[in-house]
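Please read the structure below before turning to the comments.
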Amino acid sequence: MAMASPASSFHLPLLAICLASLNVMLVAGCYSSIFSFGDSLADTGNRLHSHRFDPVGRFPYGETFFHHPTGRYSDGRVMLDFIAQAIGLPMVRPYLAGTHDGEGFRYGANFAVGGATALDNEFFRSKGMEVSWTNDSLSVQLEWFKHLLPSLCSRNCSYLMSDSLFWVGEIGGNDYNHAFFQGRGVDEIKTFVPGVVSAIGSTIEELIKLGARTMIVPGNFPIGCVAIYLTTFQSARREDYESGTGCIEWLNQFSMYHNRLLLDELSQLRRRYPQATIIYANYYEAAMAIFRSPQEYGFGEFPLAACCGGGGPYNYNKSAKCGRDAGVCSSPSSQVSWDGIHMTEAAYKVIARGLLGPYTIPSISRSCPTIKWNVLDSDYKYSAQS
Ligand SMILES: *[C@@H]1O[C@H](CO)[C@@H](O)[C@H](O)[C@H]1NC(C)=O
Ligand SMILES: *[C@@H]1O[C@H](CO)[C@@H](O)[C@H](O)[C@H]1NC(C)=O
Ligand SMILES: *[C@@H]1O[C@H](CO)[C@@H](O)[C@H](O)[C@H]1NC(C)=O
C-alpha cells in the first residue's frame, strides 16, 4: 500500500512471478522427479513412438482429456498422470519421445511401454510360446534408465536418486496375458509367477543400489473383471463367477496369487534395505471397490463392459477393436472399462485417489503432506486424510 513510486509498481508483477515460482517449488516439495517402469497401464507415449501404427495412435484414444491420441491406453489421463499432478510435477515424459541427453527429463522419465513384460522374450521362447508384443521388457527399461541417468546428474546422482519417486509397475500382467491368450492352462501359468516376481524384485534392488529411496510397486488388477478375459473365458457355469461383481473368480484368484508372492518379495526387500521406503500399491482392492459398488463412484451399474468396443456381452470383440472398427460410448466418464483391456480416465482418477489414500501401504500421502487433492477432486468416497 505504501509503495507508490513508479519503479516499485513496475517491479510488482516480476515480484509476483518470483513468489509464484517459489511457491511452486515449496509446494512440489515431496519429490523432484518421477521415474516410471511398466506396461500399457502407465505408458504415456513410448509404444506409439516405436509402433506408429498401433491402434492407440488413433481416435477415440485420448478423446476426453487431450482431444487427440497421445499413446495413452485410455480416453484421457492414466494413473501416473494423476499422481504426478497431485505431487505437483508435470506429467511424466515418455523416454522414447525425448532426445535421451537429459534435456526435457528434469522432472523424470517414463519408461513404461504398452505390451511390455517383466520377463525377457527368451523366457517365452523357451516355453514354446510366441514372443511378446514388444522387446521392451523390464530389464530393457532399466537399461534405458541407466543410460539416461548420467545426463541428469553427471557429478553426483545421490541427491537425484534419493529425491525421486520410482514407480515400478504394474508389470507382469502381460507375461500372463500372453500365456492365457495362447491357451496355456492356469496351472502352468502359475509356475511363471515366481520368475516374474523375482524380475520385479531384482529391478527394485538395482534401483536401491543406485540410490533410490522411495518406490511404489503395484500389484495386478483383478483380471477376472476385465472385458477381454470375461469374453475369452466366458462360461456357462454359474460357480465360475463371483456373486455381486460378475467377475470370473478363478482368474481373480490368479491375480491374488501373483500379489501374494509380490508382497512376500517386498517384505524381504524391506528387511534387506531398511533405508528404502517400498510402497505397495494395491491395484486389486482399489479396482474391486469400484466393481463391488460402481454407483458409489459415479459409474453405471454394469461396470464390466467396455466403452470402446465392437459388440458382445462385454462389448469386447477381438475382430473389432478400439482404434480400429469399434464404436465408442457417449459417456466414457460413467464407464470403468475403456477398451476392454484398459480403464477410462474416470476410473483411473478414482483409483489414483485411492492410491493417495488407503490403497498404498505405507500410504503415499504419509510421506508427502503437500499432495494437491484438488487435482483429483470429485464426489469420491475416499477420504482425504490417510
Ligand atoms: C525383437 O527382437 C527380435 C530379435 O532382435 C527382432 O527380430 C524382433 O523384430 C523384435 N520385435 C519387436 C516387436 O520389436
Ligand atoms: C554425493 O553427495 C552426497 C550428499 O549430497 C554425499 O553424501 C556423497 O558423499 C556424495 N558422493 C560423492 C561420490 O561425491
Ligand atoms: C465382432 O466383429 C465382427 C467384425 O466387425 C462382426 O462381424 C461380429 O458380428 C462382431 N461380434 C459381435 C458379437 O458383435
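The opening residue of the sequence shown carries number 1187 in the working numbering; numbering runs sequentially from there.
Beta carbons: idealized from backbone N, C-alpha and C, even for Gly.
In the three-state reduction of the DSSP assignment, Ile1557 falls in the coil class. In this structure, Ser1219 has its beta carbon at no less than 6 Å from each heavy atom of ligand 2. If you ignore the 5 residues before and after Thr1256, its C-beta comes within less than 8 Å of the C-beta of Thr1230, Gly1231, Leu1234, Tyr1247 and Gly1248, all in its own chain and listed in chain order.
With a cutoff of 6 Å, Asn1342 counts as near ligand 2, since its C-beta is closer than that to a heavy atom of the ligand. Judged by their CB atoms, Tyr1293 and Pro1280 are not nearer to each other than the 7 Å cut-off.
The DSSP-derived three-state label of Gly1486 is coil.
The beta carbon of Tyr1502 is closer than 6 Å to those of Ala1413, Ile1414, Thr1417, Ala1492, Gly1495 and Gly1526 in its chain, skipping five residues each way along the sequence. In the assembly as shown, Tyr1483 is a buried residue. Its beta-carbon has 16 or more other beta-carbons within 10 Å. Distances taken from the Cβ of Tyr1483 to the heavy atoms of ligand 2 include none shorter than 6 Å. Neighbourhood of ligand 3, defined by CB distance below 5 Å to any of its heavy atoms: Gly1496, Gly1497, Gly1498, Asn1503, Ser1505 and Ala1506, in chain order. For Tyr1345, the distance from the CB to the nearest heavy atom of ligand 2 is below 6 Å.
Closest in C-alpha terms to Tyr1469, from the list Leu1338, Glu1374, Val1372 and Lys1535, comes Lys1535. Within the model, the alpha-carbon separation for Cys1216 versus Ile1557 is close to 8 Å. With a 10 Å radius around the Cβ and a threshold of 16 neighbouring Cβ atoms, Asp1511 comes out exposed. Counting only runs of at least 3 residues, the region 1384-1471 fully encloses the following beta strand (DSSP E) elements, listed from N- to C-terminal order: 1400-1404 and 1463-1467. In this structure, the CA atom of Trp1330 is about 23 Å from the CA atom of Phe1239. Around the C-beta of Ser1323, 16 or more other C-beta atoms lie within 10 Å, and the residue is accordingly described as buried.
Looking at the DSSP output, Asn1296 bridges to Ser1222 and Pro1280. When DSSP reads this structure, Leu1328 sits in no beta bridge, so it has no partner.
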